[in-house]
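Everything in the sequence shown is counted per numbering that gives the first Met the number 0, starting at 0 for the first residue and increasing by one.
Glycine residues also receive a C-beta, built at the ideal position from the N, C-alpha and C atoms.
No experiment lies behind these values; they were computed from the predicted model shown.
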Amino acid sequence: MTNVLTNLDRFFAELSAKDAKLMTPFVIVLVAAIIAAISAMMMMDVMASSLPAEAAAFADIGAAVGAIGGLIMQFIMWLLYAGVFYVISMFFGGEGSFKRSLEFIGYGFIPSIVGAIIGLVVMMTVLPTIEFSIENPELFQQALMNNPTMQASAVLGIFLMLWSANIWIFAIKHARNLSTRNALITVGVPVGIYLLYSISMMYKMGI
């Protein structure tokens, strides 16, 4: 298992010789999802604290929805990335089941666990220092984006995505029997587009 951190090519080559099993990648995504859900709930709690008493019930519902959304989103992204890489690999004559691709792509969410933990710590550190006003919610977002810790976290997220992309390159290479070059293109194009979009949004927000 340590090879997923030290020798990706060997890790996925050895895993390819075994039957496809989704349990391990499912647990990886689940851990990232749970931590992300906690962060989302914390964000909703901060907003709820500024609502009038009569809106408390709706705030609780909002916190629950935020947590569920944070939990589900990781699994949606898992399916989305696996699906996109699977389809693109078809243009390179990729061979291999979608289940195998889904299994291998799941390991690329290990950096998401790191990112979720860091994000949770950042939320616990930053949120208590920022007031949320129901009259001016945009000021809350602006204060978040101008916080140096949040800015550092956002930049770190770019590097964590590159780490995930590196895992996915070797994952799709072995899941779909591609050359390293074709695997790099398969992963690099959609991830590159996503990163460009993320960086442009960070720039617009003043990060």
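Out of curiosity, what's the CA-to-CA distance linking residue i and residue j?
| i | j | result |
| --- | --- | --- |
| E13 | A32 | 27 Å |
| L7 | L29 | 22 Å |
| I171 | F103 | 7 Å |
| I60 | N145 | 29 Å |
| A182 | G92 | 11 Å |
| S163 | E137 | 32 Å |
| V3 | S111 | 14 Å |
| Q150 | I34 | 20 Å |
| V125 | T148 | 7 Å |
| T179 | I129 | 46 Å |
| M122 | M42 | 8 Å |
Answer yes or no: do residue i and residue j have a C-beta to C-beta separation smaller than 8 Å?
| i | j | result |
| --- | --- | --- |
| A174 | R99 | yes |
| I166 | Y106 | yes |
| S209 | L177 | Beyond the ends of the chain as shown, which are 0 and 206, falls residue 209; an answer cannot be given. |
Take the Cβ of residue i as the centre, count every other Cβ of all protein chains shown within 10 Å, and call the residue buried at 16 or more, exposed below.
| i | result |
| --- | --- |
| T185 | buried |
| V86 | exposed |
| L70 | buried |
| I192 | exposed |
| I109 | buried |
| S152 | buried |
| P24 | buried |
| A66 | buried |
| F10 | buried |
| I27 | buried |
In the structure shown, what three-state DSSP assignment does residue i receive?
| i | result |
| --- | --- |
| G95 | coil |
| A182 | helix |
| L159 | helix |
| T1 | coil |
- Is the segment 37-44 in contact with the segment 77-88, if contact means three or more CB pairs nearer than 8 Å? no
- So, do the segment 176-191 and the segment 115-127 have three or more beta carbon pairs nearer to each other than 8 Å? no
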